[in-house]
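Student: Please see the structure below; I have some questions.
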Amino acid sequence: MKFIKLFLVSLQFLTRIPVPGRYTDSVEISEYRRMVMAFPLAGLTIGLISAFVFVLTQLWWGNLLASACAVLTVAMITGAFHLDGLADTADGIFSSRPRDRMLEIMRDSRIGTQGALALIFKILLHVLVVYQLAENQASVAHLLIVAPVVGRSLSVLLMYRQNYARESGMGNLFIGKIERGEFYTALLIGLVLVFLFAGGYGVLMAVVAGVLLLVYRALIQSKLGGQTGDTLGAGIEIAELLFLLLMVH
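In structure tokens form, the structure reads like this:
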């Protein structure tokens, strides 16, 4: 499958950006795992739009409102896809119930107290860290471009050689299915993009974020016995935020 088609499928899967069906209809479900190689480029697309909104709104409204608009833009582009996973994961993991009950809670479409708190805390912290970066005279546009790249590139750490905690679901397309070449390709493309926009220090902080994401992976593994689509989404949100936090200095 041509890489451009993988990119378009990843855009269709990860965002609300319209992609004509004629470019992706021929892709078999069994091939979807290969799109992880294009996840960094999907993240780049999201980041470019978010950075553009930040730069544009900063001219009129200043750093704080521009930061809020940039974070809102990412949520709108992705349809809050990963935020939903974060809320579901928080509801399940912090319920302190047996494994099967946790998975049942995570499948419930209704948001609970823990999920609501996780969303509020994550969005608030995301806005504040972007604002702090702007106040520190950091190259915020570059970091907004690269943060979604980091989140989606590192998501393969939650897929490669991992168990799928459910019997069925969207996460089953990737978890335990991606191959070594796809795993390393996604990471390599992601790190190259990080270097181009954030330099060597950005690469170092992306690696640190990856190590911290492995701690998250171990926690989920201990609670659920594997990963799910929800924990993947939560991991993307966590990795993206961790990277931005690490870039505050």
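One rule links them: number in this note's numbering = place in the sequence shown (from 1) + 4. Don't be surprised by glycine CBs; every beta carbon is placed ideally from N, CA and C. Just so it is clear, the structure is predicted and the values come from calculations on it, not from any experiment.
(1) Let me know if Gly204 comes out buried or exposed under the rule of 16 or more other beta-carbons within 10 Å of its beta-carbon.
(2) When DSSP labels each residue in this structure, what does Tyr168 get in the three-state scheme?
(3) Quick check on Gln141: does DSSP put it in helix, strand or coil?
(4) With contact counted as at least three CB pairs below 8 Å, one residue from each stretch, are the stretch 44-57 and the stretch 206-214 in contact?
(5) Look at the alpha carbon of Trp64 and the alpha carbon of Ala72, and state the distance between them as a whole number of angstroms.
(6) With a CB to CB cut of under 6 Å and the five nearest residues on each side skipped, what residues in its chain are close to Leu246?
(7) If Gly230 sits next to Asp88, beta carbons under 8 Å apart, how far is it from one beta carbon to the other, in whole angstroms?
(8) Determine the burial state of Pro22: buried for a count of at least 16 other Cβ atoms within 10 Å of its Cβ, exposed for fewer.
(9) Taking the straight line between their C-alpha atoms, what separation do you get for Asp123 and Thr28?
(10) In whole angstroms, what separates the C-alpha of Leu15 from that of Glu241?
(11) Check each candidate in His253, Arg26, Glu108 and name the one with the smallest Cα separation from Gly173.
(12) Is Leu200 near Leu161, with beta carbons less than 8 Å apart?
(13) In chain order, what residues of the same chain have a beta carbon less than 6 Å from the beta carbon of Phe11, not counting five sequence neighbours either side?
(14) Between the beta-carbon of Ser143 and the beta-carbon of Leu191, is there less than 8 Å?
(15) Where Arg105 and Thr117 are concerned, what is the direct C-alpha to C-alpha distance, given to the nearest angstrom?
Tutor: According to the structure data:
(1) Taking the first residue of the sequence shown as position 1, residue 204 is located at position 200. Exposed is the call here.
(2) Against the sequence shown, residue 168 aligns to sequence position 164. If DSSP states are grouped into helix, strand and coil, Tyr168 belongs with the strands.
(3) Counting from one through the sequence shown, the residue named residue 141 turns up at place 137. Note: Gln141 maps to coil in three-state DSSP.
(4) no
(5) The count along the sequence shown starts at 1 and reaches residue 64 at position 60. The count along the sequence shown starts at 1 and reaches residue 72 at position 68. When rounded, the distance between both Cα atoms is 13 Å.
(6) By one-based count along the sequence shown, residue 246 stands at place 242. Correct list, in chain order: Ala213, Leu216.
(7) Position 226 of the sequence shown, counted from the first residue, corresponds to residue 230. Position 84 of the sequence shown, counted from the first residue, corresponds to residue 88. Actually they are not in contact, since the Cβ atoms of Gly230 and Asp88 sit about 19 Å apart, beyond 8 Å.
(8) Taking the sequence shown and counting its residues from 1, one reaches residue 22 at position 18. Answer is exposed; the Cβ neighbour count stays below 16.
(9) The residue labelled residue 123 in the question sits at position 119 within the sequence shown. The residue labelled residue 28 in the question sits at position 24 within the sequence shown. Position check: residue 123 holds Leu in this sequence, whereas Asp was assumed. Going from the Cα of Leu123 to the Cα of Thr28 covers about 32 Å.
(10) Your numbering for residue 15 matches position 11 in the sequence shown. Your numbering for residue 241 matches position 237 in the sequence shown. So the two alpha carbons sit approximately 17 Å from each other.
(11) Taking the sequence shown and counting its residues from 1, one reaches residue 173 at position 169. Considering only alpha carbons, the answer is Glu108.
(12) One-based indexing of the sequence shown puts residue 200 at position 196. One-based indexing of the sequence shown puts residue 161 at position 157. Contact: no.
(13) For this step, residue 11 is matched to residue 7 along the sequence shown. Cβ within range, chain order: Ala42, Leu45.
(14) To locate residue 143, count along the sequence shown from 1; it is residue 139. To locate residue 191, count along the sequence shown from 1; it is residue 187. No, the Cβ-Cβ distance between Ser143 and Leu191 is not below 8 Å.
(15) As a working mapping, residue 105 is identified with position 101 in the sequence shown. As a working mapping, residue 117 is identified with position 113 in the sequence shown. So the alpha carbons of these two residues sit roughly 16 Å apart.
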